[in-house]
Amino acid sequence: MGAVPRVAHIFALAGVLSVSTCVCRSESLPSREKTLVVFLTSDFSVAPAASSEIKQELGHIFQAAAIHVKWQDPATDRSDSENDYAAVVRLRGSCRPPEPGPRFEHSISGPFTLASSAVANGVILPFGDIDCAALNSFLGPSLWKESDQTREFIYARAVARLIAHELYHVIGQTHDHARGGVAEPSFTVAELLSDHFEFTEPALSAEVLARIADG
Ligand SMILES: [Zn+2]
């Protein structure tokens with residue numbers, strides 16, 4: 395996030411395809427929910443409540459794109475499960491809300507690169523990386539006065555939104571961004587903290603997914 399220029403190709407692309415698919419590509423549209431398997435790894439253990447909130451939020455975000463998210467722990471679960479997409483997501487650093495402290499009394503100036511995905515020869519690889527130290531600096535000033543429980547809940551939800559952004563790049567195989575929502579190029583604190591933050595445009599619409607599947 396952040397380094398890629400703000401463009402809106404996804405938005406335009408979806409608009410065009412929704413017309414043409416009616417004529418000649420209707421059979422290639424996915425007729426079922428797709429499955430995305432996420433292998434979640436973390437440098438430090440993540441509290442069960444936080445982990446469950448991350449999964450719940452991510453499931454909710456991708457539900458809108460008709461994608462079912464399945465979770466696997468790469469350390470314990472080596473079974474092959476059928477999927478349309480698979481990705482490894484690493485929570486780098488200590489992914490828990492920062493302890494209240496004076497360093498968060500004032501906002502810390504960025505810019506922050508909160509998350510990224512591996513790219514080789516222009517191809518986006520299915521390896522997402524969430525930088526929790528950057529996230530802590532970014533959200534710390536807004537969270538430190540909240541109760542422990544609230545902080546943990548909001549923090550986990552923010553982590554899920556960052557993961558969703560990187561998975562959007564991986565699934566969509568695109569460097570482009572949308573104008574708003576989870577697929578936009580940079581997030582504000584308000585967006586990460588808000589009650590609702592989702593894909594606001596058909597960033598992962600059936601038309602786009604069908605196009606990817608068709609190569
Ligand atoms: Zn991005």
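In short: position in the sequence shown from 1, add 394, done, that's our numbering. Each residue gets a CB set at the ideal place from its N, CA and C atoms; glycine is no exception.
In this structure, I524 and A509 form a Cβ contact; the two beta carbons are roughly 5 Å apart against a cut-off of 8 Å.
Shown here, R545 sits in a helix according to DSSP, grouped into three states.
Looking at the backbone, the Cα of E447 and that of L598 are separated by about 22 Å.
Residue burial annotation: G522 is buried, with at least 16 other C-beta atoms found within 10 angstroms of its C-beta. In this structure V576 touches A558 by the C-beta definition: roughly 5 Å separates them, less than 8 Å. Judged by DSSP in its simplified three-state form, V576 adopts helix. Inter-residue distance for P494 and D437 is about 22 Å (C-alpha atoms, whole angstroms). One Cα belongs to L533, the other to I502, and the distance between them is close to 9 Å.
In the DSSP annotation of this structure, the continuous segment of the alpha helix (DSSP H) that includes I455 starts and ends at P442 to Q457.
The alpha carbon of Q450 has as its nearest neighbour, out of V440, A481, V463 and A459, the alpha carbon of V463. A distance below 6 Å between beta-carbons, with the five flanking residues on each side excluded, links A527 to the following residues of its chain, in chain order: G487. By the 16-neighbour rule on beta-carbons within 10 angstroms, R545 is buried. In the structure shown, H563 falls within a helical segment according to DSSP collapsed to helix, strand and coil.
Using a 10 angstroms sphere on the CB of S531, the tally of other CB atoms reaches 16 or more, which defines it as buried.
Sequence-distant Cβ neighbours of I518 in its own chain, meaning closer than 8 Å and more than five residues away, are S511, A512, H563, V564, Q567, T568 and H569. Distances between the C-beta of E560 and the heavy atoms of ligand 1 include at least one below 8 Å. Look at P520 here: in three-state DSSP terms it is strand.
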